[in-house]
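Enquirer: To convert a position in the sequence shown, counted from 1, into my numbering, add 837. Beta carbons are placed, not taken as given, at the ideal position from N, Cα and C, and that holds for glycine. I am attaching a structure below and will ask some questions about it afterwards.
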Amino acid sequence: MSMSLKRSVVNLSGQDSTSREQVLFWLKKLGTVTVQDLIDRMDVTGVAIRRYLTELQEEGHIVTKVQRHQVGRPTHYYQLTDSALELYPRQYDELATELFDELEALYGETGVALFFEQRSTKLKRRYEDTVTGETLEDRLEALVRVQNEQGYMANVHPNADGSFSFEEKNCPIAKVACRYGHACRCELQLFRSLLQVQVERTACMAEGGSVCSYHIMQDS
């Protein structure tokens, strides 16, 4: 990995990240990591990385799995625990959930649905001049940047059949999405509107998935 790419890692709120935040970023991004994985991606020594990992483990935010080999030292793999989710960006989850509860109490589920429909329309207007490009891949890369600015830890990769897989490893409105499925439907509608191609959701964190993922198909 180039030095410039290492230094481009930022925390999920878009500010320059601390080393601990970078460790958390890569744990979330990669799922399972070794110390060497982190060394390859950060301008930090192995000693410092091990210190951060030890701190996170003592706080209950990561677990370690050890793979032993016939020759040489065992390999330690690190993964996040459920408690670590609270370390990642959430857009005022508790307040937002309470507000939606009040909205539903006043106007029913129809009021909640209308809010998300209007939100989807506003987001489309906000991003339609940003999510552009001659190819679908260009537009997807632009969408990745938009979502990452909001803390979604998004990435995209092409599939052998010409389609694309779009993935988000963090949900800044997780509690709202778990309670109100309109939030997830709003995102799906937004992606379809911005990309103008067929988009299907294949996994959802609000429904118990480890990520939110979408299958995106080229126009035939």
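In this structure, how does DSSP classify N992 when only helix, strand and coil are distinguished?
Expert: strand
Enquirer: Can you look up Y1017 in the DSSP assignment and give me helix, strand or coil?
Expert: coil
Enquirer: Just the C-alpha distance for A950 and K959, rounded to the nearest angstrom, thanks.
Expert: 14 Å
Enquirer: Can you name, in chain order, every residue of its own chain whose Cβ lies under 8 Å from the Cβ of I899, other than the five neighbours on each side?
Expert: L864, L890, L893, Y915, Q916, L917, T918 and A921
Enquirer: Does M1042 come out as helix, strand or coil in the three-state DSSP assignment?
Expert: helix
Enquirer: Report yes or no: is there a C-beta of chain B within less than 8 Å of the C-beta of D880?
Expert: Protein chains in the displayed structure number just one, and chain B is not present.
Enquirer: I want to know whether the segment 1006-1026 touches the segment 1034-1043 - three or more CB-CB distances under 8 Å.
Expert: yes
Enquirer: What are the partner residues of H913, as DSSP defines its beta bridges?
Expert: DSSP links H913 through a beta bridge to V903.
Enquirer: Following the continuous alpha helix (DSSP H) through E971, name the residue where it begins and the one where it ends.
Expert: E971 -> no alpha helix (DSSP H), and no H or E assigned at all.
Enquirer: Give me the Cβ distance between V881 and S856, rounded to the nearest whole Å; I'm assuming they're in contact under 8 Å.
Expert: 5 Å
Enquirer: Buried or exposed for E1024, going by 16 or more other Cβ atoms inside 10 Å?
Expert: buried
Enquirer: When you compare each of K866, V993 and V1013 to A933 by their alpha carbons, which one comes out closest?
Expert: The shortest C-alpha separation from A933 is found at V1013.
Enquirer: Measure the alpha-carbon distance for L940 versus R982 and round it to whole angstroms.
Expert: 31 Å
Enquirer: What do you get for M838, buried or exposed, if any count of 16 or more other CB atoms within 10 angstroms of its CB means buried?
Expert: Low per-residue confidence applies at M838: pLDDT is 41, beneath 50, and the placement is therefore not dependable, though the value from the model is reported in the following sentence. When all chains shown are included, M838 counts as exposed.
Enquirer: In whole angstroms, give me the CA-to-CA distance for E935 and E946.
Expert: 14 Å
Enquirer: Taking the straight line between their C-alpha atoms, what separation do you get for H1052 and V1036?
Expert: 6 Å
Enquirer: Where does Q955 fall in DSSP's three states?
Expert: helix
Enquirer: For T871, which option in P911, R956 and E965 has the closest C-alpha, if you only look at C-alpha atoms?
Expert: P911
Enquirer: Is it true that the CB of F1003 sits closer than 8 Å to the CB of A1020?
Expert: no
Enquirer: Counting along the chain, where does the beta strand (DSSP E) carrying S1000 start and finish?
Expert: Taken as a continuous stretch (DSSP letters only), S1000 belongs to no beta strand (DSSP E), as it is neither H nor E.
Enquirer: C1049 by DSSP, collapsed to three states: which one?
Expert: strand
Enquirer: By alpha-carbon positions, which one of R905, Q1055, Q859 and M879 ends up nearest to T972?
Expert: Of the candidates R905, Q1055, Q859 and M879, Q1055 places its Cα closest to the Cα of T972.
Enquirer: Would you decide whether S1047 is buried or exposed? Buried here means 16 or more other CB atoms lie within 10 Å of its CB.
Expert: With a 10 Å radius around the Cβ and a threshold of 16 neighbouring Cβ atoms, S1047 comes out exposed.
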